[in-house]
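Report on the structure given below.
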Amino acid sequence: MHRFALLASLAFLSGCGDDLSDTEREARNRAAADQVRALNDAPPPLVEIVPEPLLLPEIEANDLYGDGCAYAPGTSMGTRVIAREADAFMKIDDRVVRFAADPGSRELPDNSRSLYNGREYSLRLTIDDVEPGEEAGANTEGVMSGTVYLRDRWDRVVYQGSGAVNCGNL
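Quick note: the sequence shown uses the numbering used here, first residue 2, plus one each step.
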């Protein structure tokens with residue numbers, strides 16, 4: 002116990018000899034604050050997303066019928082994204098996520114859009130068979146090819162998939 006008191010008093014006294022001027026103290030505080038800010042602003046490790054297919058129960062529960070485009074990336078025919086005029090839907094981690102259409106983005110077939118924004122992610126859609134300005138907004142029946150890009154809030158691609166796009170009355 003006596004040793005602890007001696008060590009504590011030495012530690013207390015060692016702090017007394019640290020005479021810093023106000024400008025040095027401010028510089029040290031600024032440097033420490035900059036380090037904390039840099040650590041807080043750093044994005045977390047990238048977590049890749051694997052979207053799940055939107056099945057009939059989710060389609061019915063969210064009333065995902067009407068004109069729009071269904072994206073089924075890869076070789077699966079399971080729809081991963083349903084894009085409509087005002088919104089798009091995707092199933093992530095067993096939950097159906099809604100994205101709002103960006104009205105300033107490029108118009109794709111069946112009044113769908115090329116960009117949708119959500120709370121946690123943004124969704125960018127492309128259709129390879131449609132040239133800019135060609136058939137934009139038209140009812141395009143049939144299967145085309147396209148790509149889905151899902152980005153996190155740091156604008157990093159967390160999912161990318163290319164495959165079949167079916168536009169028309171869903």
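Quick reminder that beta carbons are idealized off the backbone N, C-alpha and C, glycines included.
Quick check: the Cα distance between residue i and residue j, rounded to an integer number of angstroms?
{"i": "alanine 1", "j": "valine 82", "result": "Any property of residue 1 remains undetermined from this structure, which presents the chain solely from 2 to 171."}
{"i": "proline 46", "j": "arginine 152", "result": "14 Å"}
{"i": "glutamate 86", "j": "asparagine 112", "result": "5 Å"}
{"i": "asparagine 170", "j": "arginine 154", "result": "32 Å"}
{"i": "arginine 99", "j": "asparagine 41", "result": "28 Å"}
{"i": "arginine 31", "j": "aspartate 23", "result": "12 Å"}
{"i": "glutamate 121", "j": "aspartate 103", "result": "15 Å"}
{"i": "arginine 157", "j": "glycine 105", "result": "21 Å"}
{"i": "phenylalanine 90", "j": "valine 97", "result": "7 Å"}
{"i": "alanine 33", "j": "leucine 21", "result": "15 Å"}
{"i": "alanine 71", "j": "glutamate 108", "result": "15 Å"}
If you follow the beta strand (DSSP E) that residue i is part of, which residue opens it and which one closes it?
{"i": "glycine 74", "result": "A small fix is needed here, since residue 74 is proline in this sequence, not glycine. Run containing proline 74: 68-74, per the beta strand (DSSP E) assignment."}
{"i": "arginine 99", "result": "96-102"}
{"i": "glycine 41", "result": "Looking at the sequence provided, one finds asparagine at residue 41 rather than glycine. Note, asparagine 41: premise wrong, no beta strand (DSSP E); alpha helix (DSSP H) at 23-42."}
For the putative contact between residue i and residue j, defined by C-beta atoms under 8 Å, what is the C-beta separation to the nearest angstrom?
{"i": "serine 163", "j": "proline 74", "result": "6 Å"}
So, is residue i buried or exposed, given that buried needs 16 or more other C-beta atoms within 10 angstroms?
{"i": "glycine 69", "result": "buried"}
{"i": "tyrosine 66", "result": "exposed"}
{"i": "serine 146", "result": "exposed"}
{"i": "proline 52", "result": "buried"}
{"i": "cysteine 168", "result": "buried"}
Considering residue i, what are the terminal residues of the alpha helix (DSSP H) in which it resides?
{"i": "asparagine 174", "result": "Residue numbering for the chain in the displayed model covers 2 to 171; residue 174 lies beyond these limits and cannot be assessed."}
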